[in-house]
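Chemist:
In my numbering, the protein residues as written are 2 to 159.
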């Protein structure tokens, strides 16, 4: 345990990754709308002491506590100056802000976003991605051994 100077204790320093995964397929449809991946490629399977699958698109919190959600999405479009955005949803609500970028015509880019906060056993988390436009585009790169795109759930403690 560590102290923050006022005598209170901090727990969970360092954290524990309890899930990491992404969609095993590229997403090449849905430009102009927010898309949520199917979590069917697991880099680290659900640690069932902490979490489980929420439908096929999210991570259900099974142990209340403080968590970090880390979202990383590799995206592409052939449309110059098109918007790229990612967001983290907590129980269907955008509580994590946005990460935003502009394309420079046919260049891959990766957007990252982190959310830290308390989750209860009624909460679930999801990642979501948006590409504004394009004739040829990827809302996300598939989840592969290279981990081009991923959502990670990290338990920080109580």
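Heads up, the beta-carbon is just placed ideally off N, CA and C, and yes, glycines get one too.
(1) Mapping DSSP to helix, strand and coil, what is residue 109?
(2) Got a sec, what are the start and stop residues for the beta strand (DSSP E) residue 66 sits in?
(3) Quick one: what does DSSP say residue 45 is sitting in, helix, strand or coil?
(4) Please report the distance separating the alpha-carbon of residue 119 from that of residue 127.
(5) I think residue 143 touches residue 25, with their Cβ atoms under 8 angstroms apart; what is that distance to the nearest whole Å?
(6) DSSP three-state call for residue 90: helix, strand or coil?
(7) Using DSSP with H/G/I as helix, E/B as strand and the rest coil, what is residue 141?
(8) Quick check: what's the CA-CA separation for residue 44 versus residue 60?
(9) Rounded C-beta distance between residue 134 and residue 65? I'm assuming under 8 angstroms.
(10) Kindly list the residues whose CB is nearer than 6 angstroms to the CB of residue 137, restricted to its own chain and excluding five residues on each side of it in sequence; keep chain order.
(11) How is residue 153 classed by DSSP in three states: helix, strand or coil?
(12) Among the candidates 39, 17, 63, 130, whose CA atom is the shortest distance from the CA of residue 50?
(13) Can you give me the C-alpha to C-alpha distance between residue 123 and residue 91, rounded to a whole angstrom?
(14) Taking the alpha carbon of residue 81 as the reference point, which residue from 52, 111, 102, 67 has its own alpha carbon closest?
(15) Relative to the C-alpha of residue 52, which residue among 113, 154, 41 is closest?
(16) Report the option in 47, 56, 159, 156 whose CA atom is closest to the CA atom of residue 38.
Modeler: Straight from the coordinates:
(1) coil
(2) In the DSSP assignment, residue 66 falls within the unbroken beta strand (DSSP E) covering 66-78.
(3) strand
(4) 15 angstroms
(5) 6 angstroms
(6) strand
(7) strand
(8) Rounded to whole angstroms, the gap between the alpha carbons of residue 44 and residue 60 is 14 angstroms.
(9) Not confirmed; about 41 angstroms, so no contact.
(10) 79
(11) Three-state result, residue 153: strand.
(12) 63
(13) 10 angstroms
(14) 102
(15) 154
(16) 56
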